[in-house]
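Residues 29 to 284, numbered by the working numbering, are exactly what the sequence shown covers, in order.
Idealized CB from N, CA, C, for every residue including glycine.
These numbers were taken from a predicted model, which means no experiment stands behind them.
Data block below; observations after.
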Amino acid sequence: METFVLIHGSWHGGWCWHKVVPRIEAAGHRVLAPDMPAHGKDWRKPGGVTLDNYVARVGEALDTITGPAVLVAHSRGGIVASQAAERYPDRIGALVYLAAFLLPDGARVMEYGGSDKDSMIVPNLVVNPEEGWDMLKREAFRPALYADCCDDDVALCEMLLTPEPLQPTLTPLRLTAERYGTVPRYYIELLQDRAVSVTLQRRMHTAMPCKRVVSIDAGHSAYFSKPDILTEHLLAVASELREVRDEFAPIVAACD
Numbered sequence: 029m030e031t032f033v034l035i036h037g038s039w040h041g042g043w044c045w046h047k048v049v050p051r052i053e054a055a056g057h058r059v060l061a062p063d064m065p066a067h068g069k070d071w072r073k074p075g076g077v078t079l080d081n082y083v084a085r086v087g088e089a090l091d092t093i094t095g096p097a098v099l100v101a102h103s104r105g106g107i108v109a110s111q112a113a114e115r116y117p118d119r120i121g122a123l124v125y126l127a128a129f130l131l132p133d134g135a136r137v138m139e140y141g142g143s144d145k146d147s148m149i150v151p152n153l154v155v156n157p158e159e160g161w162d163m164l165k166r167e168a169f170r171p172a173l174y175a176d177c178c179d180d181d182v183a184l185c186e187m188l189l190t191p192e193p194l195q196p197t198l199t200p201l202r203l204t205a206e207r208y209g210t211v212p213r214y215y216i217e218l219l220q221d222r223a224v225s226v227t228l229q230r231r232m233h234t235a236m237p238c239k240r241v242v243s244i245d246a247g248h249s250a251y252f253s254k255p256d257i258l259t260e261h262l263l264a265v266a267s268e269l270r271e272v273r274d275e276f277a278p279i280v281a282a283c284d
């Protein structure tokens, strides 16, 4: 059994994984989908929230489990997963980036997202630097994030989306080969994504090679529109980790 920790992206909360969680659990695995600070049930003023606060929240989730977890990060949640792997490399068995920001050491989301000419996010983003948050214009919710999602999913998101803390977007990642670089990376492309374009996705995972790259013909919110195929890809990572453990189990036993 593996434990999956699902990290949501901007404006969302752990609730966005509600279709994926039971599917993974049905395969016999454990799933945690924590709300990052200032998201979901942990609503607070977003201005003072930092990337370090996000990483600490992942650490709290890891504290509740034994053995390494599979971190699955969506969209802007990619920087949280990367920085968490730098801090907790021995507690993470794999990183899965779902159309997520896969950035090198020293990079910031602002630089990469702002350069994505095929994204609908930048021209529809409202930024409040005084209060320290950003938010997507309501009229852009569906075309940018939920173009292939059903009306019920869109209605849920319209009720639950909240402003995103600005500081994490402006914070450069601090990653090393000795820590972050030891955790296997996987990337799931979303081919119809209008928020993080497939052009940017491929630019990122080409510069930061992954163990495997797969594609889903879906928009930005595949956890709503394609939960079955998304779950299949996540379970494939779990199976691969189990095979690696089984292969090395005799060696570990002999050393003991």
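**Asked** Mapping DSSP to helix, strand and coil, what is Ala250?
**Response** helix
Practice prompt. Closer than 6 Å by C-beta to Pro117: which residues in its own chain qualify, once you throw out the five before and the five after it? Chain order, please.
Written response: Arg207, Thr210 and Val211
Practice item. Specify, as a first and last residue, the run of the beta strand (DSSP E) that Ala101 falls within. Key: Ala97 to His102
Item to complete: In the DSSP assignment, find the beta strand (DSSP E) that holds Tyr215 and state where it starts and stops.
Response: Arg213 to Leu218
Review point. Of the choices His261, Ser267 and His248, whose alpha-carbon is the least far from that of Cys44?
Key: His248
- [ ] May I ask you to list the residues that DSSP assigns as paired with Asn156?
- [x] Trp161
Exercise for review: For the alpha helix (DSSP H) holding Val49, just list the boundary residues, first then last.
Suggested key: Val48 to Ala54
Q | CA-to-CA distance, Ala128 to His40, given in whole angstroms | A | 14 Å
| query | Per the contact definition of three or more C-beta pairs closer than 8 Å, is the region 183-201 in contact with the region 262-271? | reply | no
**Item:** Simplified DSSP state of Thr31, which is helix, strand or coil
**Value:** strand
(message) Considering only DSSP beta bridges, list what Ala122 is partnered with.
(response) Val98
**Message:** Within 10 Å of its beta-carbon, does Cys177 have 16 or more other beta-carbons around it, so buried, or fewer, so exposed?
**Reply:** buried
### Query
If you follow the alpha helix (DSSP H) that Arg85 is part of, which residue opens it and which one closes it?
Leu79 to Leu90
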